[in-house]
Amino acid sequence: MSRLQGLPPVLDARTRLLVLGSFPGVASLRAQQYYGHPQNQFWKILGTLWGVDLKALPYEARIAALHEHGLGVWDVYGACEREGSLDADIRHAELNDFAWVQRQCPLLQGIAHNGGESYRHSKHTSSLGVPVYKLPSTSPANAGWSFERKLAAWSEVLRLHIVAL
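Residue numbering for the sequence shown follows my numbering, beginning at 1230 and increasing consecutively.
Encoded structure:
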């Protein structure tokens, strides 16, 4: 099993809320894009909240929209070993440096974990001194939650940190 490297963080000095996934899936790593699987609902949820069809935009425009809304994206793991895309198959994971985030994001108000595997590391992210939230995974593997139910949960947290209208 080969060692996989994650994607660089998408955040800047305007980031108020940081969404942390676990580790990019095969489709995301191949495309070098966060939430690159066509069935992942991340971009659809944000697009619905912001009134923009983000999935129809080029990736660079989606990233620009994240910055404009004060939303950052990264993962809890910077590297790991894994066959396929399931979180359950992650082995020998290396945590990212969350203290670095605080230095890069002086306006940071919260951390939102996208799914249970990411949230398992909330003890590390809570050390940043901002509220930490567990959101339902936007992954297609989380079929137990309807789009509407995921949208409601995500909307609540994003509105708290003024990253949704």
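We treat Cβ as the ideally placed atom computed from N, Cα and C, and that holds for glycine.
- The alpha-carbon of S1375 is positioned some 11 Å away from that of S1366.
- In the DSSP assignment, A1293 falls within the unbroken alpha helix (DSSP H) covering 1288 to 1297.
- The beta-bridge partner set that DSSP reports for W1303 consists of L1249.
- Proximity of the stretch 1307 to 1325 to the stretch 1239 to 1255 meets the contact definition, three or more beta-carbon pairs being nearer than 8 Å.
- In the three-state reduction of the DSSP assignment, V1330 falls in the helix class, which pools H, G and I.
- If you ignore the 5 residues before and after L1300, its C-beta comes within less than 6 Å of the C-beta of L1246, V1392, all in its own chain and listed in chain order.
- Looking at the DSSP output, I1340 shares a beta bridge with L1247, V1361.
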